[in-house]
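Written out below as structure tokens is the structure these notes cover.
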Amino acid sequence: MAYKIKASDCTACGACEAECPNIAISFKKGTYVIDPAKCTECEGHFKSPQCAAVCPADCCVPA
Amino acid sequence: MGNVIALDGILGLGELKTAVDAPQSAASGCSSSSCGSSDGPADMAPDVWEKVKNHPCYSEEAHHYFARMHVAVAPACNIQCNYCNRKYDCSNESRPGVVSEKLTPDQALRKVLAVAQEIPQLSVIGIAGPGDSLAAGGKNSFATFEALAKHAPDLKLCISTNGLALPDHVERLKNYNVDHVTITINMVDPEVGERIYPWIFYDHRRWTGRDAAKILHERQMLGLEMLTSAGILAKINSVMIPGINDEHLKDVNKAVKSRGAFLHNIMPLISDPAHGTHFGLTGQRGPTAQELKLLQDECEGGAKLMRHCRQCRADAVGLLGEDRGAEFTTEKIEALELKFDDSVRREYREHVESERAERHRSKAAAQAEVQEVVGDDVAPILIAVATKGGERINEHFGHAKEFQIYEVGVHGAKFVGHRRVEEYCEGGEGNDDALDVVLAAINDCAAVFVAKIGGCPKKSLEAAGIEPVDRFAFEYIEESALTYFKDYAERLAQGTATSRSGHDAVIRPAMRA
Ligand code: SF4
Ligand code: SF4
Ligand code: SF4
Numbered sequence: 001m002a003y004k005i006k007a008s009d010c011t012a013c014g015a016c017e018a019e020c021p022n023i024a025i026s027f028k029k030g031t032y033v034i035d036p037a038k039c040t041e042c043e044g045h046f047k048s049p050q051c052a053a054v055c056p057a058d059c060c061v062p063a
Numbered sequence: 001m002g003n004v005i006a007l008d009g010i011l012g013l014g015e016l017k018t019a020v021d022a023p024q025s026a027a028s029g030c031s032s033s034s035c036g037s038s039d040g041p042a043d044m045a046p047d048v049w050e051k052v053k054n055h056p057c058y059s060e061e062a063h064h065y066f067a068r069m070h071v072a073v074a075p076a077c078n079i080q081c082n083y084c085n086r087k088y089d090c091s092n093e094s095r096p097g098v099v100s101e102k103l104t105p106d107q108a109l110r111k112v113l114a115v116a117q118e119i120p121q122l123s124v125i126g127i128a129g130p131g132d133s134l135a136a137g138g139k140n141s142f143a144t145f146e147a148l149a150k151h152a153p154d155l156k157l158c159i160s161t162n163g164l165a166l167p168d169h170v171e172r173l174k175n176y177n178v179d180h181v182t183i184t185i186n187m188v189d190p191e192v193g194e195r196i197y198p199w200i201f202y203d204h205r206r207w208t209g210r211d212a213a214k215i216l217h218e219r220q221m222l223g224l225e226m227l228t229s230a231g232i233l234a235k236i237n238s239v240m241i242p243g244i245n246d247e248h249l250k251d252v253n254k255a256v257k258s259r260g261a262f263l264h265n266i267m268p269l270i271s272d273p274a275h276g277t278h279f280g281l282t283g284q285r286g287p288t289a290q291e292l293k294l295l296q297d298e299c300e301g302g303a304k305l306m307r308h309c310r311q312c313r314a315d316a317v318g319l320l321g322e323d324r325g326a327e328f329t330t331e332k333i334e335a336l337e338l339k340f341d342d343s344v345r346r347e348y349r350e351h352v353e354s355e356r357a358e359r360h361r362s363k364a365a366a367q368a369e370v371q372e373v374v375g376d377d378v379a380p381i382l383i384a385v386a387t388k389g390g391e392r393i394n395e396h397f398g399h400a401k402e403f404q405i406y407e408v409g410v411h412g413a414k415f416v417g418h419r420r421v422e423e424y425c426e427g428g429e430g431n432d433d434a435l436d437v438v439l440a441a442i443n444d445c446a447a448v449f450v451a452k453i454g455g456c457p458k459k460s461l462e463a464a465g466i467e468p469v470d471r472f473a474f475e476y477i478e479e480s481a482l483t484y485f486k487d488y489a490e491r492l493a494q495g496t497a498t499s500r501s502g503h504d505a506v507i508r509p510a511m512r513a
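Listed in order, the protein sequences are those of chains A and B. If you read the first sequence in the UniProt record's numbering, its first letter stands for residue 1, the second for the next number, and so on. If you read the second sequence in the UniProt record's numbering, its first letter stands for residue 1, the second for the next number, and so on.
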């Protein structure tokens with residue numbers, strides 16, 4: 001259970017990084033990536049995955 | 001003084017007079033219809049005037065003398081606007097199609113210090129994106145402000161936001177001494193709002209439709225009220241979208257005025273399918289120059305209007321329409337040795353201050369003269385001006401990247417906007433396509449004031465009914481415009497001049513090669 005970022009659509013704005021309750025998102029080599037080991041799909045924190053809700057490019061999707 | 005004049009020479013502002021000992025009261029002798037942020041203390045509390053007089057975005061007068069700089073440290077956003085494509089810069093100030101260089105707060109500090117060394121007119125540092133400056137907790141924006149407050153405390157700080165996160169940050173803005181905030185407010189009715197904003201991210205979820213617009217509206221109003229009570233000046237930007245919020249912006253003007261907004265800036269939607277925005281793709285058009293001016297005129301009397309906004313890029317650097325941002329690349333700045341000396345900036349500011357009273361007196365005198373000799377029945381005319389700043393006609397027609405538009409009539413000369421064009425002269429060659437662009441952009445003007453102009457464009461302008469005027473080269477704009485208007489009224493009476501009412505002009509987006 002984890003989300004991933006479609007790198008080709010990512011604008012590297014960093015909005016998702018600021019919202020993630022698990023610090024699962026970081027900037028690597030020109031794009032943002034989700035560490036699947038840390039991502040919980042926000043369960044226990046919020047009703048919906050925060051990265052997907054904030055992403056302007058709709059590129060945070062279930063892995 | 002010698003030093004100051006030399007400095008002025010570098011700036012290319014033409015020769016400046018030394019200050020005359022004008023009585024202080026002259027500065028407040030404002031009788032002009034343009035009596036607004038441009039005219040100083042007459043209608044403004046002294047503490048407010050202190051805040052705006054050197055701020056190019058808050059005072060029309062200051063925008064001739066002072067430069068602003070944007071640092072693009074805030075790429076994240078928390079809403080989606082239909083006039084924005086997130087591959088590009090923020091829609092907040094409506095500049096689609098441009099991509100700014102994103103900086104870390106540390107790079108931003110270096111860039112500001114580097115620019116301040118080169119451009120002594122620099123007085124304001126703003127954060128306007130490229131996303132929303134307060135999204136993602138405003139982390140980068142506040143880190144940047146903290147560094148600037150420490151290393152360049154003489155520079156004013158300001159920030160632009162869509163307002164959604166604003167109520168959470170007013171306290172902090174106050175603590176960092178941010179005394180200017182711009183909020184983009186396009187509606188005060190969620191029914192209008194849902195046609196502009198498809199969604200927002202708020203309180204850990206995505207909201208759509210009318211709910212989204214309602215929350216955004218409430219947050220914007222709350223944020224504005226909080227700024228007002230905190231004593232922070234608020235400027236409101238509105239994007240005019242024909243058929244969606246054009247009429248509605250009159251209500252916006254009233255709503256923001258009643259909540260203490262200092263300035264209202266109505267900007268044209270700039271829309272093009274190539275930008276890939278929702279409005280661009282659905283064929284939503286932007287307003288024409290006359291539509292924009294009409295709405296601005298109708299809002300006059302409500303919240304004070306600002307007409308000189310350039311819808312700058314999130315990394316813009318410079319004076320007036322000038323953008324020297326491209327000169328200050330990250331590599332160049334990284335390599336630079338930084339100084340923290342602010343003496344040149346201070347000297348420049350003192351110089352401008354010493355001239356201010358005399359400038360106000362001279363404009364008022366020119367205006368009084370026109371009022372005396374020209375009858376009330378003569379309708380005002382528009383004049384396009386080629387200038388590099390300093391309130392003077394000091395730019396060559398072929399080198400102008402934009403023209404300042406002044407409306408001049410019996411009640412005085414007032415700045416009403418600017419029109420971007422392409423440079424007609426590139427590498428010394430006149431370019432006919434570019435000339436057509438200029439003609440379309442100033443088609444509603446009776447005359448164009450320039451420092452110099454070549455024979456060919458002169459003929460084309462005359463053929464189009466726009467009089468090219470170079471006899472006021474290097475003179476002050478407003479005084480020259482009033483003198484011209486006096487002659488024009490005489491010629492009109494003799495039947496040797498005709499009115500240009502009914503002509504419209506084209507608004508163009510900003511470009512950087
Ligand atoms: S789904 Fe939630 S936990 Fe996973 S990366 Fe996105 S914000 Fe973080
Ligand atoms: S919010 Fe979306 S576009 Fe922005 S960095 Fe994250 S994945 Fe990329
Ligand atoms: S976008 Fe408008 S308000 Fe911002 S710096 Fe440019 S002119 Fe000033």
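Backbone N, C-alpha and C fix where the C-beta goes; we use that ideal spot for every residue, glycine too. It should be emphasised that the depicted structure is a prediction, and the values quoted were computed from it without experimental measurement.
- A distance criterion of 8 angstroms places the beta-carbon of K38 (chain A) in contact range of ligand 1, judged by its closest non-hydrogen atom.
- With respect to the C-alpha of I79 (chain B), the residue from B:F201, B:A274, B:N177 and B:V181 having the closest C-alpha is B:F201.
- Counting only residues of its own chain and dropping the five nearest sequence neighbours on each side, C77 (chain B) has a CB closer than 6 angstroms to the CB of G131, D132 and A135.
- In the DSSP assignment, H351 (chain B) falls within the alpha helix (DSSP H) that extends over S343 to V373.
- Rounded to whole angstroms, A147 (chain B) and Q117 (chain B) show a C-alpha spacing of 17 angstroms.
- If you compare the alpha carbons of B:A379, B:K257 and B:H396 with that of E407 (chain B), the shortest gap goes to B:A379.
- Considering only B:S160, B:H278, B:D504 and B:D341, the residue with the shortest C-alpha distance to L224 (chain B) is B:S160.
- The CB of K28 (chain A) never comes closer than 7 angstroms to any CB in chain B; the least such distance is about 16 angstroms.
- If you draw a straight line from the Cα of K486 (chain B) to the Cα of A368 (chain B), it is about 12 angstroms long.
- A direct Cα-to-Cα measurement between T329 (chain B) and A72 (chain B) gives close to 13 angstroms.
- Inter-residue distance for A213 (chain B) and E372 (chain B) is about 52 angstroms (C-alpha atoms, whole angstroms).
- Identification of residues in the stretch 217 to 228 of chain B having a C-beta nearer than 7 angstroms to some C-beta of chain A yields an empty set.
- Ranked by Cα distance from R359 (chain B), the options B:I383, B:R392, B:L382 and B:D342 are led by B:R392.
- Positions of the beta strand (DSSP E) runs, each at least 3 residues long and wholly inside the stretch 201 to 272 of chain B, are given as 205 to 208, 233 to 240 and 263 to 268 in order along the chain.
- Per DSSP, the beta bridge partners of C60 (chain A) are A:I5.
- Interface residue (Cβ-Cβ distance to chain B less than 9 angstroms): K47 (chain A) is classified as such.
- Linking F472 (chain B) to I232 (chain B) through their CA atoms gives a straight-line distance of about 40 angstroms.
- Approximately 4 angstroms separates the beta-carbon atoms of A400 (chain B) and A386 (chain B); this is inside 8 angstroms, confirming the contact.
- In chain order, T11, A12, C13, G14 and A15 make up the part of chain A whose C-beta sits under 9 angstroms from the C-beta of P75 (chain B).
- For P457 (chain B), the enclosing alpha helix (DSSP H) begins and ends at G455 to A463.
- When DSSP states are grouped into helix, strand and coil, Y406 (chain B) belongs to the strand group.
- At a cut-off of 9 angstroms, the C-beta of R172 (chain B) has no neighbouring C-beta in chain A.
- Bridge partners of T31 (chain A) according to DSSP: A:K28.
- By DSSP's assignment, F415 (chain B) forms a beta bridge with B:Y406.
- Residue-level contact by beta carbon holds for P56 (chain A) and chain B, with a gap shorter than 9 angstroms.
- Looking at B:C299, B:E334 and B:K174, the one whose alpha-carbon comes closest to that of L263 (chain B) is B:C299.
- Residue state for H45 (chain A) is assigned as coil, using DSSP reduced to three classes.
- In this structure I196 (chain B) touches I241 (chain B) by the C-beta definition: roughly 7 angstroms separates them, less than 8 angstroms.
- What A53 (chain A) touches in chain B, judged by beta-carbon distance under 7 angstroms, is F201, R205 and R206, going in chain order.
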